[in-house]
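Residue numbers (UniProt numbering): 1 to 131. Glycine residues also receive a C-beta, built at the ideal position from the N, C-alpha and C atoms. What follows is a set of notes on a single structure, which appears directly below.
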């Protein structure tokens, strides 16, 4: 519905701004809210289950997968594709895009760990310059 699309537009704009500022924490916060909003409107049990499972893992690690070089830019590109589908009213395209995005997040977290990233070290997310 129009209210849901408007909410996604607002969150996406905030995520774009956070990316431009290199603010990983704010990007992650808006990313989470976008996923929650999509779930509300999708009514897809698989999406809800996978997103919640992935979020539990990512929350423990505070979005560190976004620190993998190029990941924030890739995530933002995936979100742009999702928003294009939403704007066109392409539910099937949005579902495919979100599915790929969720898989990409898991792969990015695995790459972060493979590159020596620590998941059990409680450290604040740094601000990084640019995307």
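Note on geometry: alpha-carbon atoms of residue 116 and residue 2 lie some 44 Å from one another. In this structure residue 34 touches residue 8 by the C-beta definition: roughly 6 Å separates them, less than 8 Å.
When only Cα atoms are considered, residue 106 and residue 15 end up about 20 Å apart. Distance between residue 44 and residue 87, taken at the CA atoms: about 19 Å. Spatial neighbours of residue 109 in its own chain (CB-CB distance under 6 Å, excluding positions within 5 residues in sequence) are listed in chain order as 65. Comparing alpha carbon positions, the residue from 11, 51, 30 and 29 closest to residue 39 is 51.
Comparing alpha-carbon positions, the option among 98, 29 and 56 lying closest to residue 80 turns out to be 98. Apart from the 5 residues on each side of it in sequence, residue 68 sits with its Cβ closer than 6 Å to the Cβ of 108, 111 and 112 in its chain, given in chain order. Residue 69 sits in coil when the DSSP states are folded into three classes, being neither helix nor strand. Annotation: the continuous alpha helix (DSSP H) that includes residue 106 extends over 91–114.
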